[in-house]
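Peer 1: Dumping the structure here so I can ask a few things about it.
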Amino acid sequence: MKVFCVVGVRRSGKTTTITSLIQELRRRGYSVGTVKTIFCPTFTIEDESSNTARHSRAGAELVTAKARNQTAIITRRAMTNNEILALYHQDFVILEGDYGAPVPRIITAHKEEEVTERKNDYTIAVSGRIVGERDEVLGLPAIDATRQVERLADLVEEKVFDLLPNVTPESCAQCGLSCGEMALAILRGEKKREDCPYTGESQAKLMAQGKPFLLPEAADLHSGAACQCGCHKNEKQMERKNRYDLEAPASQGLTVSLGGKAVPLTPEQQESLRAVLSGMGLQLPEEV
4 MKVFCVVGVR RSGKTTTITS LIQELRRRGY SVGTVKTIFC PTFTIEDESS
54 NTARHSRAGA ELVTAKARNQ TAIITRRAMT NNEILALYHQ DFVILEGDYG
104 APVPRIITAH KEEEVTERKN DYTIAVSGRI VGERDEVLGL PAIDATRQVE
154 RLADLVEEKV FDLLPNVTPE SCAQCGLSCG EMALAILRGE KKREDCPYTG
204 ESQAKLMAQG KPFLLPEAAD LHSGAACQCG CHKNEKQMER KNRYDLEAPA
254 SQGLTVSLGG KAVPLTPEQQ ESLRAVLSGM GLQLPEEV
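Heads up: the sequence shown runs through residues 4 to 291, numbered per the numbering used here.
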């Protein structure tokens with residue numbers, strides 16, 4: 004099983020790149036699986052009123068919803084990549100948005116700064132909206148998955164290798180390197196995947212016996228990886244408002260009464276409000 008990841012900011016072409024690659028790899032006869040990292044702090048796969056949610060609240064640690072055409076397995080904890088990928092048996096698995104996995108990486112972006120923020124030693128290409136007519140971005144191949152998917156799939160076939168065990172050096176290190184170091188050496192052409200003594204059944208045995216290579220929670224791995232959904236934005240706005248309430252007493256400047264609580268306006272907000280009311284022939288009182 005060969006694993007690589009695609010990361011990028013919202014609306015940069017990340018999912019388009021992944022779906023184009025899925026279609027092309029399938030056309031070439033490969034089976035493909037995906038794992039999507041979701042950064043939303045309040046996301047849940049379950050409807051709180053569903054039977055499976057009721058099972059979980061009652062104390063079930065593993066819940067499976069089995070239907071005619073789909074099966075969903077729900078756990079009440081985060082799982083490591085080793086645990087998740089043990090469920091997969093496809094030729095290729097694409098990780099969307101996983102900033103911690105030590106696997107070949109494709110970045111999608113709007114501009115070079117976004118590539119710089121996400122580029123690491125595992126990066127093999129840039130795709131998405133930034134590409135246009137460019138052949139290179141910051142020394143990396145620039146390939147538009149919508150127009151050049153064959154070229155991008157060729158690069159994936161060339162660069163992506165069978166998944167390493169991803170266990171701590173204390174559990175193995177028979178090759179003299181950590182799994183992350185071995186992955187970099189393979190990408191640089193300094194080592195071959197065959198230089199790792201573990202594959203197939205022997206790899207599965209090592210992953211079961213050895214201490215797994217644990218990654219930090221994905222949402223903390225990269226400053227650009229924060230959720231951009233509405234709930235997260237509202238949460239951040241509330242945090243900023245609460246900090247501002249502590250730093251700026253209501254007695255300073257203009258305030259707005261919300262739910263009986265006086266909320267101070269920033270100088271910029273005050274000027275904007277004055278301009279709007281002035282255009283209506285009204286004056287702004289000291290307390291609104």
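Built from N, CA and C at the ideal position, the CB exists for glycine as well. Note that this is a predicted model, so its numbers are computed, not measured.
Looking only at its own chain, which residues have a Cβ that is under 7 Å from the Cβ of L217, when we skip the five neighbours before and after it?
Peer 2: For the purposes of this step, residue 217 is taken as the residue at position 214 of the sequence shown. Residue confidence is low: L217 scores 45 on pLDDT, short of 50, so the model does not pin down where it sits. Its coordinate-derived value is still stated next. Excluding residues within five positions, the ones whose Cβ falls inside 7 Å are T83.
Peer 1: Kindly provide the ranges of any alpha helix (DSSP H) runs that are 4 or more residues long and lie completely inside the region 107-159, ordered along the chain.
Peer 2: As far as the region 107-159 is concerned, its whole alpha helix (DSSP H) runs of at least 4 residues are 115-121.
Peer 1: Express the C-alpha separation of A112 and V10 in angstroms, rounding to a whole number.
Peer 2: Stepping through the sequence shown from its first residue, residue 10 is reached at position 7. Stepping through the sequence shown from its first residue, residue 112 is reached at position 109. Going from the Cα of V10 to the Cα of A112 covers about 9 Å.
Peer 1: Can you check which of these residues, C175, G183, I189, E184, is closest to Y201 by C-alpha distance?
Peer 2: As a first step, residue 201 must be located in the sequence shown, where it is residue number 198. Comparing Cα positions, the closest option is C175.
Peer 1: Rounded to whole angstroms, what's the CA-CA distance from T126 to R13? Just pull it up for me.
Peer 2: To locate residue 126, count along the sequence shown from 1; it is residue 123. To locate residue 13, count along the sequence shown from 1; it is residue 10. Answer to the nearest angstrom: the Cα atoms are 19 Å apart.
Peer 1: Quick check: the Cα distance between R277 and V140, rounded to an integer number of angstroms?
Peer 2: Working through the sequence shown from its first residue, we reach residue 277 at position 274. Working through the sequence shown from its first residue, we reach residue 140 at position 137. Cα to Cα, R277 sits roughly 46 Å from V140.
Peer 1: How would you label P105, buried or exposed, when you count the other beta carbons within 10 angstroms and need 16 or more for buried?
Peer 2: To locate residue 105, count along the sequence shown from 1; it is residue 102. Flag for P105 reads buried.
Peer 1: Using beta-carbon positions only, say whether Y33 and D101 come within less than 9 Å of one another.
Peer 2: Looking up residue 33 in the sequence shown gives position 30. Looking up residue 101 in the sequence shown gives position 98. No.
Peer 1: Helix, strand or coil for T78, going by three-state DSSP, please let me know.
Peer 2: Along the sequence shown, one-based indexing puts residue 78 at 75. Three-state result, T78: strand.
Peer 1: Alpha carbons only, please: which of E161, E160, C178, K162 is nearest the one belonging to P168?
Peer 2: Indexing the sequence shown from 1 puts residue 168 at position 165. The option with the nearest alpha carbon to P168 is C178.
Peer 1: DSSP state of E49, grouped into three classes?
Peer 2: Within the sequence shown, the letter at position 46 stands for residue 49. Three-state result, E49: coil.
Peer 1: Cα separation between I48 and L166?
Peer 2: Here residue 48 refers to the residue found at position 45 of the sequence shown. Here residue 166 refers to the residue found at position 163 of the sequence shown. Distance between the alpha carbons of I48 and L166 is about 27 Å.
Peer 1: Between L158 and the rest of its own chain, which residues show a CB-CB distance below 8 Å, the 5 nearest in sequence each way excluded?
Peer 2: Here residue 158 refers to the residue found at position 155 of the sequence shown. Contacts found: I127, A128, P144, I146.
Peer 1: With distances taken between CB atoms, is the gap from L98 to F7 smaller than 9 Å?
Peer 2: Within the sequence shown, residue 98 is the residue found at index 95, counting from 1. Within the sequence shown, residue 7 is the residue found at index 4, counting from 1. Closer than 9 Å, so yes.
Peer 1: Using the rule of at least 16 other Cβ atoms within 10 Å of the residue's Cβ for burial, across every protein chain shown, is A137 buried or exposed?
Peer 2: Walking along the sequence shown from the start, residue 137 turns up at place 134. Just to set this straight, residue 137 is Arg in the shown sequence, not Ala. Its Cβ having fewer than 16 others within 10 Å, R137 is exposed.
Peer 1: Do R31 and E160 have their C-beta atoms closer together than 9 Å?
Peer 2: Position 28 of the sequence shown, counted from the start, is the residue given in the question as residue 31. Position 157 of the sequence shown, counted from the start, is the residue given in the question as residue 160. In contact: R31 and E160 (Cβ atoms closer than 9 Å).
Peer 1: Counting only runs that start and end within the region 22-46, where is the beta strand (DSSP E) found for 3 or more residues in a row?
Peer 2: Runs found: 35-39.
Peer 1: In whole angstroms, what separates the C-alpha of C199 from that of I87?
Peer 2: The count along the sequence shown starts at 1 and reaches residue 199 at position 196. The count along the sequence shown starts at 1 and reaches residue 87 at position 84. Roughly 21 Å between the two C-alpha positions.
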